[in-house]
Amino acid sequence: MDILMFFCLLPNKYKQTYIYVFRAISKKCKDLGLNLSPTNITVDFERAIINAVSEMWMQTNISGCRFHLTQSWYRKIQEIGLSSVYKDESSEI
1 MDILMFFCLL PNKYKQTYIY VFRAISKKCK DLGLNLSPTN ITVDFERAII
51 NAVSEMWMQT NISGCRFHLT QSWYRKIQEI GLSSVYKDES SEI
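Letter 37 of the sequence shown, counting from 1, is numbered 37 in UniProt numbering, and no numbers are missing.
Encoded structure:
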């Protein structure tokens with residue numbers, strides 16, 4: 001089983017930017033004699049990256065990152081004023 005992981009610092013969160021990066025990485029893999037054909041990709045919950053992955057690799061299973069999911073939940077808990085209830089160990093939430 002091959003595992004490929006990469007991180008990129010990008011100027012924006014546009015679908016076309018993600019596609020540009022994916023194509024560049026795919027080309028580099030091809031130059032190295034590798035076939036980049038992922039079966040699973042984990043991303044944060046940005047619509048642009050999900051759409052870009054779907055366009056590049058239609059058969060790829062896309063999963064959302066649990067870290068980003070729980071981070072989003074906690075931001076919502078704070079936003080609706082439930083932080084103290086959430087932190088209270090006797091609370092049911």
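C-beta: ideal position from N, C-alpha, C; glycine also. Here the structure is a predicted model, which means the values were calculated and not measured.
For residue i, three-class secondary structure by DSSP
{"i": "ASN40", "result": "strand"}
{"i": "ASN61", "result": "strand"}
{"i": "CYS8", "result": "coil"}
{"i": "SER90", "result": "coil"}
{"i": "ASN35", "result": "coil"}
{"i": "LYS13", "result": "coil"}
{"i": "PHE45", "result": "coil"}
For residue j and residue i, believed in contact at Cβ under 8 angstroms, the rounded distance
{"i": "ILE62", "j": "VAL43", "result": "6 angstroms"}
{"i": "THR70", "j": "ASN40", "result": "Contact doesn't hold; Cβ gap of about 20 angstroms is too wide."}
Distance CB(residue i)-CB(residue j) smaller than 8 angstroms
{"i": "ILE19", "j": "PHE6", "result": "no"}
{"i": "GLU46", "j": "LYS13", "result": "yes"}
{"i": "VAL21", "j": "CYS29", "result": "no"}
{"i": "SER72", "j": "TRP57", "result": "no"}
Any non-hydrogen atom of the ligand GDP closer than 7 angstroms to residue i Cβ
{"i": "ARG75", "result": "Ligands displayed in this structure: none; no statement on the ligand GDP is therefore possible."}
Chain B contact for residue i (CB, 8 angstroms cutoff)
{"i": "LYS28", "result": "Here chain B cannot be found, since the structure has a single protein chain."}
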